[in-house]
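Residues 722 to 1252 in my numbering are what the sequence shown lists, from first letter to last.
Beta carbons: idealized from backbone N, C-alpha and C, even for Gly.
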Amino acid sequence: MDIPRLHPDTIEEVKQRAEIVDVISEHVVLRKSGKDYLGLCPFHDEKTPSFSVSPTKQMYYCFGCQAGGNAIKFLMEVGKHSFSEVVLGLARRYQVPVQTLEPAQRQELQRQLSLREQLYEIMALTAQFYQHALRHRQGQQALEYLHDQRGLQEETIQQFQLGYAPAGWDTLYKYLVEQKGKPVQQVAEAGLIKPRNKGNGYYDSFRDRLIIPIRDTQGRVIALGGRSLGNEQPKYLNSPETPLFNKGKILFALDKARDSIRKQDQAVVVEGYFDAIALHAVGITNVVASLGTALSQDQVRQLLRYTESKQIILNFDADAAGTKATAKAIGEIAHLAYQGQVQLRVLNLPDGKDADEFLQGHSEAQAKYQQLLQTAPLWLDWQISQLLKDKNLQQADQFQHIAQEMVKLLNQIDNVNQLTYYLNHCAQCLSQGQDRLVPLYLNNLQAQLKNPLATNNKKPPILRQPSPSLTQKKSKSQKSTPSQLNSPIDSEHILLEKAEALLLGIYLHCPEYRQMIIDSLETEDLLFSLS
């Protein structure tokens, strides 16, 4: 649908209702400075804040690049949107009635805006219905579960408006459609009911489940999470994608956590609803949950709006599944971390526990958890520790695999100081406490980097010259073409040479490893002649 021309009255009302601090703070970390707010300008690179926002004037201005304007202009510039697109978005956000200059287009636009508002109303009614059902006799088991097994107090249950979906097949359907008169198509579009496979009618999406409302940053219910109380699978069930809900862009409890994230300049991301709820219950409120998915770039960028230090701590479950989820999350956002756009840390709680289990098992849980947050390792340190976990560096194949994976990590680091640190760290890990091996491993790792560090303008020492039998012999007048130098065969030969050079160096310098090397290798394992 083409965006219609907007009536001047609509534009003026949007200007009056749009709160510029709220709008800009979703894109820039703002700090109070007298009557105004300051932050780093999003329109040019700077280290000292020169971007000022005035709530009294409803204007922004950058003293560095002279960018300035109102909330509408800011969203046009930062998002590269048209004037009409921005005004329509703000009208929806601040509930401004939209008037257009084309009656037919106005009718269609109002229909779309009206649909979203009706879905918001349906979701709010649903959350209230389930919250009431939790206090009913049929919700007694769910309430006892929250009190006894989750250890939640009434204040927390009310704060998150937890509820219960009755076991009946069409309890919610009857309430919303028959009692409240909501259109069945809209209730289905909200993901609350599904059409029956055989025959006419619908059945409830959530049945006999504990209900956790999922909200947007403005606190509106946009989806539900349901936890089974018996053996029904899946244990956790989320609403499907709807016009209101995009799972990869929503963080559970962000509406409650964002002020605390700003204040503490740090965001903690846990895996499940109850991990986040349990932490909020003990006063650790800068916590959100990723809804059981790997942390996406969209979710990270949401968090970065509220923290100036860009620090995000992943605290997923410490079991095998949680470790896999952590690795997947890191894979999604590693390039942001390498570029310094996010300071990523990883917290694994002791004994493989999740946050909820950890808090229930400690009398001074809040203080202990805060202490663990402060000592959480950087994501690269965590990844290196995972490479070494349950591995035997005495085994040649495992040693080689770990060294290769370390080189892959090191090759992604652009910052020279950071690269120097992790080169030494990896060499220390490979040396297993044998200090005399550190320089050997350091040289070997550096030689395998795609952009080796310069060391006083000298190349790292070569442990062994290439054997003439490894490379294609050329006359002195013959020159290698770039394609020849970068061919897969040559690359493989170079890697094998380096591996043998490292092995030979260990054999010569470390007598205690000689027998292990002899026992582990057969003559045919050596592709290159040592004679």
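For V808, which residues in the same chain have their Cβ closer than 8 angstroms to its Cβ, ignoring the five residues on either side in sequence? The answer, listed in chain order, is L727, T731, I732, V735, I793.
Length of the line joining the Cα atoms of M1127 and Q1139: Those two C-alpha atoms are separated by around 14 angstroms.
Return the CA-CA distance between L1131 and L1070, expressed in angstroms with no decimal places. Taken atom to atom, the span from the alpha-carbon of L1131 to that of L1070 is near 27 angstroms.
Taking just the CA atoms, how far does E1029 sit from Q1193? Since pLDDT at Q1193 reaches only 41, below the 50 mark, its modelled position is unreliable, and the value read off the structure follows with that caveat. Approximately 55 angstroms, taken between the alpha carbons.
When the distance is taken between beta carbons, is I971 closer than 8 angstroms to N1007? No, the Cβ-Cβ distance between N1007 and I971 is not below 8 angstroms.
Assuming K753 is part of the beta strand (DSSP E), what are its boundary residues? Secondary structure note for K753: its beta strand (DSSP E) is the uninterrupted segment 752–754.
Would A1058 and L1068 be called neighbours here (beta carbons separated by less than 8 angstroms)? With respect to the 8 angstroms criterion, A1058 and L1068 are not classified as neighbours on the basis of their beta carbons.
Is it the case that the Cβ atoms of I1054 and Q1018 are separated by a distance below 8 angstroms? Cβ distance < 8 angstroms, so I1054 and Q1018 count as in contact.
Can you say whether G946 is buried or exposed, counting buried as having 16 or more other CB atoms within 10 angstroms of its CB? So G946 counts as buried.
In the DSSP assignment, the alpha helix (DSSP H) including P1173 goes from what residue to what residue? No alpha helix (DSSP H) holds P1173; DSSP gives it neither H nor E.
Under 8 angstroms, with one C-beta from each stretch per pair, do the stretch 994–1005 and the stretch 869–887 reach the 3-pair mark? Contact holds between the stretch 994–1005 and the stretch 869–887, because three or more Cβ pairs, one in each stretch, are under 8 angstroms apart.
Under the three-state DSSP convention, the category S773 falls into: Correct three-state label for S773: strand.
Are the CB atoms of A1124 and L1151 nearer to each other than 8 angstroms? It is a contact, given that the beta carbons lie within the stated cut-off.
With a threshold of 8 angstroms, are at least 3 pairs of Cβ atoms found where one atom belongs to the stretch 879–896 and the other to the stretch 919–938? Contact holds: three or more Cβ-Cβ distances are below 8 angstroms.
Could you spell out where the alpha helix (DSSP H) holding Q1125 opens and where it closes? Unbroken alpha helix (DSSP H) run through Q1125: 1117–1131.
Name the residue from Y851, D766, E865, R856 whose alpha carbon lies nearest to the alpha carbon of F927. Comparing Cα positions, the closest option is Y851.
Taking just the CA atoms, how far does L1080 sit from L1000? Per the coordinates, the alpha-carbon of L1000 lies some 8 angstroms from the alpha-carbon of L1080.
Consult DSSP for T1044 and reduce its assignment to one of helix, strand or coil. Judged by DSSP in its simplified three-state form, T1044 adopts helix.
In this structure, does DSSP put Y1027 in helix, strand or coil? If DSSP states are grouped into helix, strand and coil, Y1027 belongs with coil.
So is A911 in contact with chain D if we call contact Cβ pairs under 8 angstroms? Although the question refers to chain D, the structure presented lacks it and comprises just one protein chain.
Near H765, which residues of its chain fall below 7 angstroms by C-beta distance, leaving aside the five closest residues on each side in sequence? Here the set comprises G785, C786.
Exposed or buried, what is N1165 when buried is set at 16 or more other beta-carbons lying within 10 Å of its beta-carbon? Counting Cβ neighbours within 10 Å, N1165 comes out buried, since at least 16 surround it.
Do I1238 and L1224 have their beta-carbon atoms positioned less than 8 angstroms apart in this structure? In this structure, L1224 lies near I1238, with their beta-carbon atoms less than 8 angstroms apart.
Cβ pair count under 8 angstroms reaching 3, the stretch 1039–1051 against the stretch 1083–1093: Between the stretch 1039–1051 and the stretch 1083–1093 there are fewer than three C-beta pairs closer than 8 angstroms, too few to call the two in contact.
Backbone secondary structure at I1134 - three-state DSSP: I1134 falls in the coil class under three-state DSSP.
Between the alpha carbons of P770 and L751, how many angstroms are there, rounded? Approximately 9 angstroms between the Cα atoms of the pair.
Report buried or exposed for P887, applying the criterion of at least 16 other Cβ atoms within 10 angstroms of its Cβ. With a threshold of 16 other beta carbon atoms within 10 Å, P887 meets it and is buried.
Give the single residue among A978, Q985, V908 whose Cα lies nearest to the Cα of P964. The candidate whose alpha carbon is nearest that of P964 is V908.
Between Q1119, G760, Y896, V1021, which has its C-alpha nearest A854's C-alpha? Nearest of Q1119, G760, Y896, V1021 to A854, Cα basis: Y896.
Among residues of its own chain, excluding the 5 on either side of E798, which ones have a beta-carbon nearer than 8 angstroms to its beta-carbon? Scanning its chain for C-beta atoms nearer than 8 angstroms, with the 5 sequence neighbours on each side dropped, one finds around E798 the residues F764, A788, G790, in chain order.
Assuming L1016 and A988 make a contact with CB atoms under 8 angstroms, what is their CB distance in whole Å? About 11 angstroms separates the two Cβ atoms, so there is no contact after all.
Would you grab the beta carbon distance between S773 and L759 for me? Rounded to a whole angstrom, and I think it's under 8 angstroms. Between S773 and L759 the beta-carbon gap is near 6 angstroms, inside 8 angstroms, which marks them as a contact.
Quick check on W890: buried or exposed, where buried means 16 or more other Cβ atoms within 10 Å of its Cβ? Label assigned to W890: exposed.
Determine the direct distance from the alpha carbon of H1056 to that of V1021, and round the result to whole angstroms. Take the alpha-carbon of V1021 and the one of H1056: they are about 12 angstroms apart.
Closest Cα partner of H1230 within the set P1173, D1156, Y1143: Nearest of P1173, D1156, Y1143 to H1230, Cα basis: D1156.
Through-space distance from C1147 to Q1116, alpha-carbon basis: Spanning the two alpha carbons is a distance of roughly 17 angstroms.
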